[in-house]
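Notes for the one structure printed next.
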Amino acid sequence: MATAVQADQVVELYRADALVKSQSQAQREAAAKHALERVLIRVSGNTAAAESPQARQALARAQDYVYEYSYASTDETLEGPNGEPVPASRLHLKFSPASVEQLLRATGLSFWPANRPTLLVWVVVNSADGLEVVRDEQVWQALRERAELRGLPLMAPLFDLEDHLAMPAESLWRMDESAIRNASERYRADAILTLRYSALSDGSLRGNWQLLHSEGDLGFDGAGATAEELLSGAIDSVADRFAGLYGISPSESGAASIAMLIDNVHSFGDYKKAERYLASLALVRRVQLHSIGANGLMLNLYTEGDVARLENTLALDRTLLPASESVSLSENRYQIRGSLLRPLRYRLEGAQP
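When you read off a place in the sequence shown, starting at 1, and then add 1, the result is the number in this note's numbering.
Right, here's the structure in full:
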């Protein structure tokens with residue numbers, strides 16, 4: 002049992018590594034192309050992200066999207082021109098978030114923010130030796146690699162005595178939801194994925210999996226020639242589900258669309274005062290009324306900058322004052338701040354009571 006399977010997997014959206022034979026520009030360009038493809042998949046949540054004409058053009062000049070790179074020595078080798086082993090270096094590439102997100106907007110792809118649910122995974126196999134909780138490092142390495150590509154923070158059980166007693170293979174195979182939730186409580190994961198699989202007569206594998214999550218529990222099934230292939234498909238199913246839930250569609254004309262709730266505006270005069278003030282800000286391109294209700298005034302702001310820049314601008318004077326967030330507007334902490342489900346909350350100074 003390797004200690005590596007016990008650690009949480011951290012999501013780094015805009016970073017990718019590659020093994021290279023040398024530090025030449027040609028090697029770096031080739032590595033950057035493949036790395037940018039992985040980054041587009043991870044940031045968009047879409048495995049077809051690199052297939053559009055705009056994306057293919059960007060991949061041809063992938064180094065334009067790199068803002069930092071470095072090399073590290075390794076003990077690994079790559080195949081040389083004559084089949085001989087060549088010492089390999091690891092190239093670390095960091096891509097510009099602004100440039101990548103601009104590319105996603107240009108291609109019409111969604112953006113999946115970095116605040117993503119932590120996924121605890123349990124795996125059980127029905128083999129000739131009976132039911133067994135999977136601890137095999139090769140299987141977990143395949144899970145980690147696919148989760149890294151899709152940008153899922155993966156968590157593995159500790160496989161200690163407490164897990165052995167709380168989560169027997171038989172309960173996993175039955176997908177006993179009560180037992181799974183109880184055994185998983187200590188990990189405080191945001192979602193739980195239970196996978197079970199067995200071999201068919203032709204040697205292929207067949208399995209199904211269950212996702213337990215606050216946004217609804219789902220079941221999936223699939224097949225594969227190997228356990229790694231089957232489990233990678235399971236990770237893809239979960240990533241597709243989360244990307245659909247939390248991905249943000251491109252805003253109009255490339256401008257940032259920020260939702261703001263001004264919770265003490267209930268009169269037409271105060272509405273016009275707030276609208277005129279926001280429209281006067283240099284970074285605000287357009288102010289659009291979304292709704293006026295019991296919670297206050299909801300606006301869509303189309304800006305030249307992001308949420309942080311807008312907040313910094315508003316802090317320069319005290320026409321609008323920050324108000325605390327209300328969980329009743331959104332129980333979902335994975336919705337990005339500034340979305341309609343989690344708007345920025347402010348109060349208008351001097352508004353009528």
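Think of the CB as a built atom: it goes at the ideal place given N, C-alpha and C, for glycine as much as any other residue.
Since this is a predicted model, take the numbers as computed values, not measurements.
In the displayed model, I293 falls within a strand according to three-state DSSP. When secondary structure is reduced to three states using DSSP, I236 falls in the helix class. Between Y68 and S97, the C-beta gap is smaller than 8 Å, which places the two residues in contact. Here the segment 120 to 131 lies against the segment 155 to 165, with 3 or more beta-carbon pairs under 8 Å apart.
The three-state secondary structure of G351, taken from DSSP, is coil. Counting the other Cβ atoms within 10 Å of the Cβ of G339 gives 16 or more, which makes it buried. For E276, the enclosing alpha helix (DSSP H) starts and ends at 269 to 281. Counting C-beta pairs closer than 8 Å gives three or more between the segment 17 to 26 and the segment 80 to 91, which meets the contact rule. The C-beta separation of L349 from I249 comes to about 27 Å, leaving the pair out of contact by the 8 Å criterion.
Under the Cβ criterion (8 Å, minimum of three pairs), the segment 99 to 115 does not count as touching the segment 190 to 204. For a cut-off of 8 Å, the C-beta gap from Y188 to S258 is around 36 Å, too long to register as a contact.
Rounded to the nearest angstrom, the gap between the Cα atoms of L284 and M176 is 52 Å. Bounds of the beta strand (DSSP E) holding S71 are 67 to 80. Between S71 and the set D137, A19, D318, T227, the nearest pair of CA atoms involves A19. Taking a C-beta distance under 8 Å as the contact criterion, L153 and I42 do not qualify as a contact pair.
By the Cβ neighbour-count rule, V11 is exposed, with fewer than 16 other Cβ atoms within 10 Å of its own.
Beta-bridge partners of V140 (DSSP): none assigned. According to DSSP, residue pairing for A260 in a beta bridge involves N301. Secondary structure within the segment 24 to 61: the alpha helix (DSSP H) runs of 4 or more consecutive residues, fully enclosed, are 26 to 45, 54 to 61 (chain order). In the DSSP secondary-structure assignment, G220 is bridged to Q211.
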